[in-house]
Amino acid sequence: MIETDEISSMADRIIERSPGDPAKKEINPLLKFALELGPLLVFFFANNRGEQLAATFPSLNELGGPLFIATALFMAALAISLAVSYAIQRTLPMMPLVSGIVVLVFGGLTLYLQDETFIKMKPTIVNGLFAAILLGGLLFGKSLLGYVFDQAFKLNAEGWRKLTLNWGLFFVFLAIVNEVVWRNFSTDFWVAFKVWATMPITIVFMLTQFPLIKKHSLEPIGEGKR
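Using this note's numbering, read the sequence shown as starting at 2 and increasing by one per residue.
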């Protein structure tokens, strides 16, 4: 039988290392952004060009309409993104990994049951899960956001607590917005909103957090690890 310590050791080698671990390899921020945004662009393109893709590759017709083709390609793109990330860092980033697992589950249900509701609920589930993780961590005195931003800047304990709280509440907001959009608007509008609105909203939110980051930074912004 595999001992508990062995399982923990395997997880440490595969899943993202803890903040500040000197063995943790860094990744170029632009490449990281491309790996995260790439699958969404594939999803948007496939949904808008689903009929042309099906005409070019007839086997895709077996998946169903454009949204189902987009879902399958989205799942494949996410898998490739995680594989590339692992090949570079030798670990899997925590939040994209969680998102990928939810996509595989709900995307699989979408394709198997031919019900687009499941893939539309995915952002709600992912954002709700992230909110629960961050806010739940705070209840136990843990500021878990360091797993995401530790390479970018260093904050004191109060700064990490405040930033974690803000991000937790922001994920609650994103979950609610997704529910409103997919339940009240067309599928094409939901896809466009998911790709072209969610990212700008997130960027604007991130910019609003810089005063807090500057106030609680342990080192000048931009003078992180070299």
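Think of the CB as a built atom: it goes at the ideal place given N, C-alpha and C, for glycine as much as any other residue.
Could you say which of VAL181, ALA73, GLY129 lies nearest to MET96 if we only look at CA atoms?
GLY129
Compute the Euclidean distance between the alpha carbons of ASN62 and LEU112, then round it to the nearest angstrom.
12 Å
I'd like to know whether the C-beta atoms of PHE171 and PHE206 end up nearer to each other than 8 Å.
Against a cut-off of 8 Å, the Cβ pair of PHE206 and PHE171 comes out as a contact.
How long is the line joining the alpha carbons of PHE154 and ALA133, rounded to whole angstroms?
24 Å
Going along the chain, which residues of its own chain have a beta-carbon closer than 8 Å to the beta-carbon of SER100, five neighbours each way excluded?
LEU79, VAL127
Taking the beta carbon of ILE204 as the centre, do at least 16 other beta carbons fall within 10 Å, making it buried, or is it exposed?
exposed
Whose CA, out of PHE119, PHE46, GLY39, lies closest to the CA of ALA71?
Nearest C-alpha to ALA71 among PHE119, PHE46, GLY39: PHE46.
Local conformation of SER86 per DSSP, three classes
helix
Who are the near neighbours of LEU36 in its chain, counting only those whose CB is closer than 7 Å to its CB and skipping five residues on each side?
Answer for LEU36: SER82, VAL85, SER86, listed in chain order.
For SER218: DSSP bridge partner residues
Beta-bridge pairing links SER218 to LEU156.
Cβ neighbour criterion (16 or more within 10 Å) applied to THR118:
exposed
Distance, Cα to Cα, LEU219 vs GLU180?
38 Å
With DSSP run on the structure shown, which of helix, strand or coil describes PHE45?
helix
So, helix, strand or coil for GLY142, using DSSP?
coil
Could you work out which residue in GLY169, LEU140, LEU32, PHE190 is closest to ASN49 when comparing CA atoms only?
PHE190
How many angstroms separate the CA atom of PRO124 from the CA atom of LEU98?
14 Å
Quick one: using the 10 Å Cβ neighbour count with 16 as the cut-off for buried, is ASP22 buried or exposed?
Confidence at ASP22 is low in this model, with a pLDDT of 49, below 50, so the placement of that residue is unreliable and no value is reported for it.
Roughly how many angstroms lie between the CA atoms of ALA77 and LEU68, to the nearest whole one?
14 Å
Nearest-angstrom Cα separation, counted from ILE177 out to ILE3:
In this prediction, ILE3 has a pLDDT of 46, which is less than 50 and means its spatial position is unreliable; what the coordinates show is noted afterwards. ILE3 and ILE177 have their C-alpha atoms spaced approximately 42 Å apart.
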